[in-house]
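Each number in our numbering corresponds to the 1-based position in the sequence shown with 14 added.
Some notes on the structure that comes next.
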Amino acid sequence: MALRRLPGRALLAVGGKDAQALVKGLLSCDADVLHAPHAAGSVAGARCSYGALLTSGGRVLFDVFAHKGPQAVDEAGEGAVLVECSSDAAESLAVALERRKGAADCVIKRVPPRRLAVAAAFTADALEYSRGGEQEQWEGSSEGEELGGAAAFLCADPRAPLVARRGVVPTSAVSWAESFLDAEGYRAWRYALGLPCGPQELTPGTLSALEANLDALHGLRPGGGFVGADYLALRKRLRGGREVRRVMPVTLGGEGAAKAQAGDEIVLARTGSGSLKDGVGRLLAAEEGRGLALLRVEPSLAAAVEPNAPPLLSAIGREERWAKADPAHAFTVKPHVPSWWPRDWLAAAV
């Protein structure tokens, strides 16, 4: 299990007397995890929680990780929290937090990347999975290289605790050599596991926290006075315990797969005739035959798990038979069910 610096990540330090209250009040992260005496997988008090800054209607503005531990204290004092986000969103997130903090006694500042970095350690099987291995190859694996002193700063990744550990480390501790985690490699790992990241796949204010699967990725805490989470929990109950649409990992096939891009519509194909039918969702990301899509759960599960079920299709040529669509632009879409999906999601949708 080797330590890798994650590309495209930034840190905001939230310090001051009200820092923890601000994080608890504004972010959907599980605050109990941050205050726990020992986090799972951590040997020196590092804690990590996943969540998001949501709109009042429960839509994702910025997905984040909240970190507590020795690095946060060194950077911004006792009680400080380090908020990790995409480097593309750091400035906007800082502005959003400043606007929402009101009279809270806290200071929000950008952490220079020369001092601290976001790093992760993956099992060897997890690396293989990111290159196209089968899902069962990594689940539950614990083999890998020793992390040495860096282990003190890592704890289990809240979204994928069986395959990855995550934390904030001194920049000097991160090895750049022989790392698969260039930007493309990290995206491939996320796409394979069905883990969206904003603002690339989670355009601010577009997807609800439930559509982005925050409830299954330990990124949403119902109750506790958090308006966005309470609203979403109520909406989920009213919909029979499930969401109509979810982000799912997909693989793309056909000659036109190389030209697939975010925003492309995905439709059903009528079995036998090959004609295009109802819209089922849209791509959020696509790269080298893999990607993420926001899909209607019921028809997508059928395409994912039912034997001999036809794949979903791109919307290219919607007004004509699929057989007549230009193969240079048309592509097929095969949804996949992530191993971390709760069993009741599958039962409710079949």
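Note that the Cβ used here is the ideal one computed from N, Cα and C, for glycine as well.
Which of helix, strand or coil does DSSP assign to residue i?
i: Ala328; result: First, the residue type needs correcting, since residue 328 is Ser and not Ala in the sequence shown. Of the three classes helix, strand and coil, the one that applies to Ser328 here is strand, per DSSP.
i: Asp358; result: helix
i: Pro313; result: helix
i: Pro349; result: strand
i: Lys31; result: coil
i: Glu98; result: strand
i: Gly288; result: Confidence at Gly288 is low in this model, with a pLDDT of 43, below 50, so the placement of that residue should be treated as unreliable; the coordinate-derived value is given next. Gly288 falls in the coil class under three-state DSSP.
i: Ala110; result: helix
i: Ala90; result: helix
i: Val294; result: strand
i: Leu308; result: strand
i: Leu231; result: coil
i: Lys38; result: helix
i: Ala103; result: coil
i: Ala117; result: coil
i: Asn322; result: coil
i: Arg128; result: coil
i: Glu302; result: coil
Whole angstroms are fine: how far does the CA of residue j sit from the CA of residue i?
i: Ala103; j: Leu41; result: 15 Å
i: Val125; j: Phe345; result: 43 Å
i: Ala27; j: Ala329; result: 44 Å
i: Pro175; j: Arg113; result: 33 Å
i: Pro84; j: Thr185; result: 14 Å
i: Cys62; j: His350; result: 28 Å
i: Cys99; j: Ser106; result: 10 Å
i: Ala374; j: Pro127; result: Not covered by the structure: residue 374. The range shown for the chain is 15 to 364.
i: Arg332; j: Asp171; result: The predicted model places Arg332 with a pLDDT of 49, which falls under 50 and marks its position as unreliable; any figure quoted below should be read in that light. Arg332 and Asp171: Cα-Cα distance of roughly 41 Å.
i: Gly181; j: Asp196; result: 18 Å
i: Trp354; j: Gly208; result: 9 Å
i: Gly158; j: Val177; result: Residue placement at Gly158 is poorly supported in this model, since its pLDDT is 38, which falls under 50; the coordinates still yield a value, given next. Using only the alpha carbons, I get a separation of about 11 Å.
i: Ala342; j: Ala316; result: 27 Å
i: Lys71; j: Gly39; result: Sequence inspection shows Gly at residue 71; the Lys mentioned does not correspond to that position. One C-alpha to the other measures close to 15 Å.
i: Ala135; j: Val258; result: 34 Å
i: Val281; j: Pro321; result: 19 Å
i: Ala272; j: Arg296; result: 16 Å
i: Val132; j: Ala283; result: 43 Å
i: Glu198; j: Thr69; result: 30 Å
i: Val311; j: Ala318; result: 10 Å
i: Leu8; j: Gly293; result: Absent from the structure is residue 8, since the part of the chain shown begins at 15 and ends at 364.
i: Arg314; j: Leu308; result: The sequence as given places Ser at residue 314; Arg does not occur at that position. Going by the C-alpha atoms only, they are around 10 Å apart.
i: Gln275; j: Val261; result: 16 Å
i: Ala35; j: His232; result: 20 Å
i: Ala90; j: Asp278; result: 44 Å
Can you give me the Cβ contacts of residue i inside the same chain, cut-off strictly under 8 Å, excluding the 5 residues immediately before and after it?
i: Ala110; result: Leu67, Leu75 and Phe76
i: Val394; result: Here the chain has residues from 15 to 364 only, and residue 394 is not among them.
Comparing the C-beta of residue i with each C-beta of chain C, is any distance below 9 Å?
i: Leu26; result: No chain C appears in this structure, which consists of one protein chain only.
Output needed for residue i: all residues of its chain with C-beta closer than 7 Å, excluding positions within five of it in sequence on either side, in chain order.
i: Ala94; result: Ala27, Val28, Gly29, Ala33, Ala86 and Val87
i: His49; result: none
i: Pro352; result: Leu207, Gly208 and Pro263
i: Ala361; result: none
i: Leu216; result: Val74, Asp77, Pro210 and Ala226
i: Glu150; result: Because Glu150 sits at a pLDDT of 33, beneath the cut-off of 50, its placement in the model cannot be relied upon, and the following sentence gives the value as read from the coordinates. Result list for Glu150: empty, nothing under 7 Å.
i: Ser101; result: Gly22, Arg23 and Ala24
i: Arg204; result: Cys211
i: Lys82; result: Leu48, Arg61 and Val95
i: Gly303; result: Thr265, Leu266 and Ala271
Leaving out the 5 sequence neighbours to the left and right, which residues in its chain are closer than 6 Å to residue i when beta-carbon positions are compared?
i: Ser156; result: Since pLDDT at Ser156 reaches only 39, below the 50 mark, its modelled position is unreliable, and the value read off the structure follows with that caveat. Closer than 6 Å at the Cβ level, and outside the excluded window around Ser156, lies no residue.
i: Leu20; result: Val132 and Ala134
Item checked: Runs of beta strand (DSSP E) lying entirely within the segment 165 to 224, each at least 3 residues, in chain order -> Fully enclosed beta strand (DSSP E) runs of 3 or longer: 168 to 170 and 178 to 184.
Checklist line | the segment 221 to 234 in contact with the segment 265 to 273 per 3-pair CB rule at 8 Å | finding: Flag = no, the segment 221 to 234 and the segment 265 to 273 do not touch.
Checklist line | Segment contact, 8 Å Cβ cut-off, at least three pairs: the segment 164 to 172 with the segment 113 to 128 | finding: no
Checklist line | Stretch pair the segment 202 to 214 + the segment 65 to 79: three plus CB contacts closer than 8 Å | finding: These segments touch.
Next item on the list: Let me know the beta strand (DSSP E) ranges lying completely inside the segment 41 to 88, each 3 residues or longer, listed in chain order.
Entry: 61 to 68 and 74 to 82
Notebook entry, point to check: Fully enclosed by the segment 255 to 284, which beta strand (DSSP E) runs are 3 residues long or longer?
Noted result: 259 to 267 and 279 to 283
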